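Before any comments, here is the structure.
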Amino acid sequence: MPKNNRRDFLRSAASAAALAAFPPAIRRALAIPAAQQHGSIEDVQHIVILMQENRSFDHYFGTMRGVRGFGDRHPIPLASGKPVWYQSDGTKEIPPYHLDSKTTSAIKVPGTPHGFSDSQAAWNQGKFGEWPRFKTQYAMGYYQREDIPFQFALADAFTICDAYHCSITTGTDPNRIIFWSGSNFNPDVLARGQNCTDTDSEPNNLRCWIKGALPEPGYTYQGSAFRWPTIPDVLETAGISWRFYQDPNNNWTGAMHGCLAFESFRTAGMESPIYKKGMANWPLERFAEDVAKGELPQVCWVLPPSVWSEHPSASSPLEGAEFTAKVLNALTANPDVWSKTVFILTFDENDGQFDHVPPPAVPSYNLDGSLGGKSTIDLTGEYFSDPEGKYIHAADTISGRVRPWGLGPRVPMYIVSPWSKGGWVNSQVSDHTSVAQFLERRFRITIPAISPWHRVVSGDLTSAFDFINPNADPFPKLPDASGSVQAVALQSTRPKPDPPENPLAPLQESGVRQSRALPYQLEVEGSIQLDERFALNFRNDGSQGAVFHVYDKLHLDRIPRRYTVEANKSLNDSWSLSDRKYDLQVHGPNGFLREFRGETGRSGPQFEIRLAYDSSRGQGFLRIRNVGKSAPKIRIQSNEYFNFVQDVSIAPREVYQHYWSGGSNSYWYDFSISTVEDTNFWQRLAGRIETEADSISDPAMGRLA
Numbered sequence: 001m002p003k004n005n006r007r008d009f010l011r012s013a014a015s016a017a018a019l020a021a022f023p024p025a026i027r028r029a030l031a032i033p034a035a036q037q038h039g040s041i042e043d044v045q046h047i048v049i050l051m052q053e054n055r056s057f058d059h060y061f062g063t064m065r066g067v068r069g070f071g072d073r074h075p076i077p078l079a080s081g082k083p084v085w086y087q088s089d090g091t092k093e094i095p096p097y098h099l100d101s102k103t104t105s106a107i108k109v110p111g112t113p114h115g116f117s118d119s120q121a122a123w124n125q126g127k128f129g130e131w132p133r134f135k136t137q138y139a140m141g142y143y144q145r146e147d148i149p150f151q152f153a154l155a156d157a158f159t160i161c162d163a164y165h166c167s168i169t170t171g172t173d174p175n176r177i178i179f180w181s182g183s184n185f186n187p188d189v190l191a192r193g194q195n196c197t198d199t200d201s202e203p204n205n206l207r208c209w210i211k212g213a214l215p216e217p218g219y220t221y222q223g224s225a226f227r228w229p230t231i232p233d234v235l236e237t238a239g240i241s242w243r244f245y246q247d248p249n250n251n252w253t254g255a256m257h258g259c260l261a262f263e264s265f266r267t268a269g270m271e272s273p274i275y276k277k278g279m280a281n282w283p284l285e286r287f288a289e290d291v292a293k294g295e296l297p298q299v300c301w302v303l304p305p306s307v308w309s310e311h312p313s314a315s316s317p318l319e320g321a322e323f324t325a326k327v328l329n330a331l332t333a334n335p336d337v338w339s340k341t342v343f344i345l346t347f348d349e350n351d352g353q354f355d356h357v358p359p360p361a362v363p364s365y366n367l368d369g370s371l372g373g374k375s376t377i378d379l380t381g382e383y384f385s386d387p388e389g390k391y392i393h394a395a396d397t398i399s400g401r402v403r404p405w406g407l408g409p410r411v412p413m414y415i416v417s418p419w420s421k422g423g424w425v426n427s428q429v430s431d432h433t434s435v436a437q438f439l440e441r442r443f444r445i446t447i448p449a450i451s452p453w454h455r456v457v458s459g460d461l462t463s464a465f466d467f468i469n470p471n472a473d474p475f476p477k478l479p480d481a482s483g484s485v486q487a488v489a490l491q492s493t494r495p496k497p498d499p500p501e502n503p504l505a506p507l508q509e510s511g512v513r514q515s516r517a518l519p520y521q522l523e524v525e526g527s528i529q530l531d532e533r534f535a536l537n538f539r540n541d542g543s544q545g546a547v548f549h550v551y552d553k554l555h556l557d558r559i560p561r562r563y564t565v566e567a568n569k570s571l572n573d574s575w576s577l578s579d580r581k582y583d584l585q586v587h588g589p590n591g592f593l594r595e596f597r598g599e600t601g602r603s604g605p606q607f608e609i610r611l612a613y614d615s616s617r618g619q620g621f622l623r624i625r626n627v628g629k630s631a632p633k634i635r636i637q638s639n640e641y642f643n644f645v646q647d648v649s650i651a652p653r654e655v656y657q658h659y660w661s662g663g664s665n666s667y668w669y670d671f672s673i674s675t676v677e678d679t680n681f682w683q684r685l686a687g688r689i690e691t692e693a694d695s696i697s698d699p700a701m702g703r704l705a
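Position 243 of the sequence shown, counted from 1, bears residue number 243 in the numbering used here, the numbering being contiguous throughout.
Next comes the structure, spelled out in structure tokens:
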């Protein structure tokens with residue numbers, strides 16, 4: 001047998017052996033190749049969407065290898081000066097702790113508060129710090145692989161998004177309304193440059209909670225009806241087939257159905273397309289029949305009953321896994337349908353479960369009415385106005401009564417399809433409007449309610465797919481998810497999963513994941529101004545907008561500033577100094593970090609530092625220019641990824657450049673530049689250079705938090 005043929009044979013034999021060990025539905029999913037006619041998104045003929053309930057990303061996947069979890073090397077600082085893990089309940093610190101399903105009833109962890117007031121208070125406009133105070137101690141609990149094996153295996157087999165956020169820092173209805181329409185506040189009011197109040201927005205659960213039953217006596221509704229078009233309205237107008245698969249009388253009294261807040265659904269007659277496709281009874285069994293017959297609509301949503309929803313207290317990860325497996329069983333029963341289908345599984349919001357990544361959001365207002373940050377795009381209308389303070393916690397006094405709508409904390413997001421298999425991570429910032437934008441991209445429609453700011457910051461999910469060469473990777477085994485009800489009942493007899501007296505720092509699995517290319521080309525440069533203020537220039541040379549978070553480490557009692565910078569734009573801001581000192585930490589997407597620390601002075605060290613790269617040669621380089629009047633010796637040091645330390649002296653107005661091979665480290669970098677003989681100057685630059693090619697996750701993650 002020729003050498004190449006023998007290698008291919010052995011590879012095929014190994015893949016076949018692995019596939020043979022899978023449960024039947026997953027065996028089919030992994031064995032069925034993607035249908036390729038166009039080699040583009042046009043090959044997707046069906047999009048199936050399941051939104052589960054109330055889990056944060058860290059709560060499920062903080063320990064998973066190759067994602068931005070508990071091994072994050074760049075956690076934000078708290079007011080105490082400690083990293084973000086050291087959350088307080090108001091009296092003591094409760095860092096993240098393991099919800100051990102072997103010894104406690106942790107698999108059905110109690111639910112936590114998750115309304116607008118407690119969510120705003122826990123977020124604290126970006127300061128964090130007291131998550132368990134407003135969300136209870138259970139907010140800090142997390143699972144490991146052995147607790148939720150199906151969820152880990154699904155992520156290992158397909159694609160997990162570790163920068164997917166819920167859209168709003170609050171609860172179920174507001175996030176489901178935006179998921180099904182593109183906004184939870186009136187886009188007409190936004191277009192007029194005004195902020196919405198609760199009369200034309202949904203800050204808390206109200207409008208989706210119904211009484212009654214269908215078809216008789218019918219639903220009765222709460223709150224006024226919204227009138228902007230939902231995504232189903234847009235699809236119907238465009239002639240794109242769609243359907244809700246649900247039991248309308250077992251969808252948690254309407255809470256699963258974000259369209260029930262809208263006039264087009266509330267007034268739909270029984271013979272109307274909206275009622276027939278979006279209000280009638282289409283059980284999961286009919287979903288399976290439609291797949292088997294090749295009659296699945298182009299877009300459909302699956303609404304779970306509460307017991308299968310994964311909602312803490314009402315459901316569990318085990319029951320959510322079994323429900324997900326049922327959906328996958330149905331989809332993979334017809335290979336022709338599965339070969340053309342994208343299955344999107346996400347969660348509406350985080351409940352009160354802690355997540356450590358600061359949500360990209362518009363700038364918050366300081367108590368004096370000033371805006372804590374800037375934006376290259378107009379932000380008028382992107383805030384919730386609560387003039388009477390009805391929705392603001394009494395202890396939440398850091399800001400006034402005008403609050404940012406979003407984004408909110410990260411939630412799990414799986415993209416399961418023949419084009420996203422192989423255990424990838426996608427780290428492009430996205431949120432619930434991203435699913436809508438994916439529908440726009442595929443079907444050439446426009447969902448008008450999505451705000452301009454969301455379009456700038458949140459991607460359309462296409463970076464998570466390989467439409468050109470999707471049929472290459474083998475897959476790990478997915479465990480059997482059946483028998484969840486009995487398993488939960490057994491575990492419920494065990495002690496409650498309270499935090500340990502002496503919690504251990506959470507461990508993240510070591511190793512990397514395949515990581516999709518991202519659309520970011522970001523840089524932040526610092527300089528001392530003539531008036532001895534310290535200035536930052538935020539630059540975005542990529543194709544997607546980004547939010548930068550700036551923490552002033554000399555004033556961690558203050559709200560961090562946030563900056564939205566559109567693609568191919570830049571902006572500047574400056575800081576007054578404390579005793580001629582500055583210490584700023586800047587966070588951006590996918591581990592982007594810049595730190596600036598030093599002292600001002602006319603004769604002190606002053607350098608302009610820029611990081612750039614040449615992707616054609618596989619090189620990165622640091623460009624350091626001395627703009628001061630002295631020539632102190634500086635040290636350039638690689639903190640991770642490779643060994644490099646060099647001391648140099650740069651004369652005033654001279655430039656020094658340091659080149660390195662980026663390809664050997666998949667373009668991850670972490671450099672510090674400092675004066676050798678004193679502490680008057682120190683900068684750090686870390687992140688990943690994007691080259692439009694797929695890479696790996698941060699190889700330095702996966703250590704003690």
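Even glycine gets a Cβ: it sits at the ideal position worked out from N, Cα and C.
Here the structure is a predicted model, which means the values were calculated and not measured.
Boundaries (first-last residue) of the beta strand (DSSP E) holding residue i
i      : result
Tyr613 : 607-614
Asp173 : Per DSSP, Asp173 belongs to no beta strand (DSSP E); it is in the alpha helix (DSSP H), 172-181.
Val307 : Here Val307 belongs to no beta strand (DSSP E), and DSSP marks it neither H nor E.
Phe538 : 534-540
Gly526 : 522-528
Residue i versus residue j: straight-line alpha-carbon distance, rounded
i      : j      : result
Asn680 : Pro605 : 7 angstroms
His393 : Phe61  : 30 angstroms
Asn186 : Asp198 : 10 angstroms
Trp228 : Trp180 : 11 angstroms
Thr253 : Phe642 : 56 angstroms
Leu206 : Arg176 : 12 angstroms
Cys208 : Asp173 : 6 angstroms
Pro360 : Phe607 : 30 angstroms
Val234 : Thr446 : 8 angstroms
Phe150 : Asp100 : 16 angstroms
Gly115 : Ala191 : 27 angstroms
Arg444 : His38  : 16 angstroms
His98  : Thr237 : 48 angstroms
Met51  : Tyr391 : 26 angstroms
Asp647 : Trp668 : 22 angstroms
Ala517 : Glu690 : 7 angstroms
Ile634 : Gln657 : 13 angstroms
Ile706 : Arg688 : It is not possible to answer for residue 706, since the shown part of the chain is limited to 1 through 705.
Asn184 : Ile178 : 5 angstroms
Asp466 : Val547 : 26 angstroms
Candidates the options, of which the one nearest residue i by Cα
i      : options                        : result
Trp123 : Ser313, Asp396, Tyr142         : Asp396
Ala139 : Arg145, Ile148, Gly126, Ser119 : Ser119
Glu382 : Ile49, Ser201, Leu622          : Ser201
Gln87  : Gln353, Trp242, Pro33          : Gln353
Pro718 : Ile168, Gly620, Lys92          : The structure shown has nothing for residue 718, since the chain only spans 1 to 705.
Ala153 : Ala321, Asn249, Thr230         : Ala321
Gly400 : Asp368, Val411, Leu379         : Asp368
Leu530 : Pro283, Ser576, Pro217         : Ser576
Asp573 : Glu509, Ala29, Asp290, Thr376  : Thr376
Ile528 : Gly628, Leu407, His59, Pro448  : Gly628
Arg55  : Thr230, Met413, Ser664, Gln585 : Met413
Trp242 : Phe262, Lys276, Ile76, Asn426  : Lys276
Ile240 : Ser427, Phe621, Leu296, Arg266 : Leu296
Ser108 : Ala314, Ala686, Arg617, Pro273 : Note on identity: in this sequence residue 108 is Lys, with Ser being the wrong assignment. Nearest of Ala314, Ala686, Arg617, Pro273 to Lys108, Cα basis: Ala314.
Ala292 : Trp338, Val512, Asn665, Glu319 : Trp338
Proximity of residue i and residue j at Cβ, strictly below 8 angstroms
i      : j      : result
Tyr582 : Gln544 : no
Trp301 : Ile41  : no
Asn626 : Ser672 : no
Cys161 : Glu349 : no
Gly709 : Gln619 : Outside the shown range of the chain, which is 1 to 705, sits residue 709, and nothing can be said about it.
His311 : Glu53  : yes
Residue i - containing alpha helix (DSSP H), residue span
i      : result
Lys276 : 273-278
>> Please give me, in chain order, every unbroken run of the alpha helix (DSSP H) with length at least 4 that falls completely inside the segment 57-98.
In response: 57-61
>> My parser needs the alpha helix (DSSP H) runs of 4 or more residues fully inside the segment 350-430; what are they?
In response: none
>> Ignoring anything shorter than 3 residues, give me the beta strand (DSSP E) runs that lie fully in the segment 557-584, in order along the chain.
In response: Taking 3 residues as the shortest admissible run, the segment 557-584 contains the following complete beta strand (DSSP E) segments, listed from N- to C-terminal end: 561-565, 569-575.
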